[in-house]
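Enquirer: Numbering (my numbering), first residue to last: 2 to 435.
Pasting a structure here, questions to come.
Have a look at this one:
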């Protein structure tokens with residue numbers, strides 16, 4: 002379909018474009034920015050006046066519960082929710098059931114996402130067989146079948162020799178290793194940050210050292226093996242400072258933060274609010290401010306949702322027995338825009354953290370397969386009204402999971418259209434005319 006998006010504020014951080022102009026699409030690609038090519042007749046016109054037009058958002062960590070937990074939700078339902086949230090590409094960690102350690106599971110997930118047609122789903126392959134941390138998985142076969150990296154998800158690789166071998170193997174095949182740094186002995190089944198709040202509530206705590214010690218180990222091994230490492234969901238100021246030092250020393254690493262760690266702290270647990278049960282746990286205000294500073298300084302270069310939809314029962318148990326995780330697709334963009342309002346980062350940088358930077362990590366940017374609106378690139382596009390206020394309620398959430406501590410928050414910034422490869426996967430009809 003030939004589409005013209007007119008009068009929008011086009012922001013494409015990949016080439017520093019930020020201006021009110023038109024965007025023209027044909028054959029699933031960006032055809033022109035500014036004036037339409039001669040003879041171009043659009044079949045559909047989208048009026049984006051007073052709106053921002055940017056690359057489709059890329060969420061590098063979202064659990065879609067399929068295969069294995071279809072009772073909670075499915076790939077079709079969660080990718081539809083992603084389209085409503087302006088997200089065109091999602092990355093699924095390997096801890097599905099069955100685990101993503103064979104090409105067959107990769108094919109199944111890709112097929113289900115293609116069938117639904119709302120968003121692209123990429124997969125991370127398992128780092129070790131069954132995520133058990135003992136035998137290496139067939140990482141090269143997984144890469145060939147389309148996996149964009151390897152990860153052991155939340156399962157620790159306790160044996161340092163196994164981690165070293167996994168990194169050496171990944172380095173030799175140019176596979177990015179996604180690391181969730183947590184020392185299992187220090188974490189020891191805890192469920193909240195070890196500090197004043199966990200002591201007051203009598204909850205088993207996870208000390209900050211569980212993260213910093215694990216980060217230190219992985220940094221040493223990364224340096225030794227030369228692997229490309231990506232640190233996932235950092236939660237503490239000290240860990241981020243270690244990473245900043247390693248980047249300064251020239252190590253090839255990147256890092257992300259899940260959006261809720263930039264707003265919530267251990268204080269939000271209040272009286273056992275299970276919606277604030279996440280892993281790693283919400284830490285102190287100093288940690289939250291340290292993560293924001295790292296974002297502003299470029300030490301953390303990606304924000305993700307760490308989307309984990311649950312059924313109602315999962316959060317009804319006592320705090321330690323409840324399931325960790327937040328349903329986060331729909332709050333990813335508005336909360337990131339709130340960081341702009343709070344002067345933590347600028348708007349172009351905020352959009353880069355959700356588009357250009359994750360696309361670069363996944364190897365999509367150079368090939369024009371995501372994260373950019375350059376002419377000739379794939380037309381994955383998000384259009385949003387940056388000034389529209391709305392309230393997060395169970396009715397405004399499209400995901401099957403309504404487990405979120407942000408329920409009732411007034412948010413600013415609402416997606417009006419999402420296009421994936423030039424196809425409108427979500428469109429608010431109030432803003433279009435044919």
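Note that beta-carbon positions come from the ideal geometry of N, C-alpha and C, so glycine has one too.
#1: Which residue's Cα is closest to the Cα of residue 295: 318, 163, 140, 235?
#2: Short of 6 angstroms in beta carbon distance, which residues of its chain neighbour residue 90, apart from the five on each side in sequence? Order them along the chain.
#3: For residue 207, write down the residues that DSSP places opposite it in a beta bridge.
#4: Using 9 angstroms as the threshold, is the C-beta distance between residue 151 and residue 125 below it?
#5: Tell me the rounded alpha-carbon separation between residue 99 and residue 358.
#6: Using the C-alpha atoms, what's the distance from residue 131 back to residue 344?
#7: Going by DSSP, which residues form a beta bridge with residue 233?
#8: By DSSP, does residue 320 sit in helix, in strand, or in coil?
#9: Count the other CB atoms within 10 Å of the CB of residue 173; is the residue buried (16 or more) or exposed (fewer)?
#10: Go through the region 153-199 residue by residue and report every complete run of the beta strand (DSSP E) that reaches 3 residues or more, in order.
#11: For residue 212, I'd like the list of residues in its chain whose CB is within less than 7 angstroms of its CB, leaving aside the five on either flank, ordered along the chain.
#12: Report all residues from its chain with a CB closer than 6 angstroms to the CB of residue 97; omit the five preceding and five following residues, and keep chain order.
#13: In whole angstroms, what separates the C-alpha of residue 361 from that of residue 201?
#14: Residue 156: buried (16+ other C-beta within 10 angstroms of its C-beta) or exposed?
#15: What residue does the alpha helix (DSSP H) around residue 243 start on, and which one ends it?
#16: DSSP on residue 90, reduced to helix/strand/coil?
#17: Using a threshold of 9 angstroms, state whether the C-beta atoms of residue 330 and residue 79 are closer than that.
#18: How many angstroms separate the CA atom of residue 61 from the CA atom of residue 256?
#19: On the CB-based measure, 16 or more other CB atoms within 10 Å of its CB, does residue 83 come out buried or exposed?
Expert: Working from what's here:
#1: Within the chain shown, numbered from 1, the residue matching residue 295 stands at position 294. The candidate whose alpha carbon is nearest that of residue 295 is 235.
#2: Taking the first residue of the chain shown as position 1, residue 90 is located at position 89. Closer than 6 angstroms at the Cβ level, and outside the excluded window around residue 90, lie 59, 121, 371.
#3: As a position in the chain shown, residue 207 is number 206, starting the count at 1. Answer is 194.
#4: The sequence position of residue 151 within the chain shown is 150, counting from 1. The sequence position of residue 125 within the chain shown is 124, counting from 1. In contact: residue 151 and residue 125 (Cβ atoms closer than 9 angstroms).
#5: Start at 1 with the first residue of the chain shown, and residue 99 comes out as number 98. Start at 1 with the first residue of the chain shown, and residue 358 comes out as number 357. Going from the Cα of residue 99 to the Cα of residue 358 covers about 30 angstroms.
#6: Residue mapping note: residue 344 aligns to position 343 of the chain shown, counting from 1. Residue mapping note: residue 131 aligns to position 130 of the chain shown, counting from 1. The straight-line gap from Cα to Cα measures roughly 43 angstroms.
#7: Your numbering for residue 233 matches position 232 in the chain shown. Paired residue(s): none; residue 233 is not in a bridge.
#8: Along the chain shown, read from residue 1 onward, the residue named residue 320 stands at position 319. In the structure shown, residue 320 sits in a helix (DSSP, three-state: H, G or I).
#9: Position 172 of the chain shown, counting from 1, holds the residue named residue 173. The residue in question, residue 173, is exposed, as its Cβ has fewer than 16 Cβ neighbours within 10 Å.
#10: 178-180
#11: For the purposes of this step, residue 212 is identified with residue 211 of the chain shown, where counting begins at 1. Correct list, in chain order: 182, 183, 236, 237, 240, 281.
#12: Looking up residue 97 in the chain shown gives position 96. Closer than 6 angstroms at the Cβ level, and outside the excluded window around residue 97, lie 68, 69.
#13: By 1-based counting over the chain shown, the position of residue 361 is 360. By 1-based counting over the chain shown, the position of residue 201 is 200. Using only the alpha carbons, I get a separation of about 43 angstroms.
#14: In the chain shown, counting from the first residue as 1, residue 156 sits at position 155. The residue is buried, with at least 16 neighbouring Cβ atoms inside 10 Å.
#15: Taking the first residue of the chain shown as position 1, residue 243 is located at position 242. Run containing residue 243: 238-249, per the alpha helix (DSSP H) assignment.
#16: By 1-based counting over the chain shown, the position of residue 90 is 89. In the structure shown, residue 90 sits in a strand (DSSP, three-state: E or B).
#17: Numbered from its first residue, the chain shown carries residue 330 at position 329. Numbered from its first residue, the chain shown carries residue 79 at position 78. Against a cut-off of 9 angstroms, the Cβ pair of residue 79 and residue 330 comes out as a contact.
#18: For the purposes of this step, residue 61 is identified with residue 60 of the chain shown, where counting begins at 1. For the purposes of this step, residue 256 is identified with residue 255 of the chain shown, where counting begins at 1. Approximately 11 angstroms, taken between the alpha carbons.
#19: As a first step, residue 83 is located in the chain shown; it is residue number 82 there, counting from the start. With 16 or more Cβ atoms within 10 Å of its Cβ, residue 83 is classed as buried.
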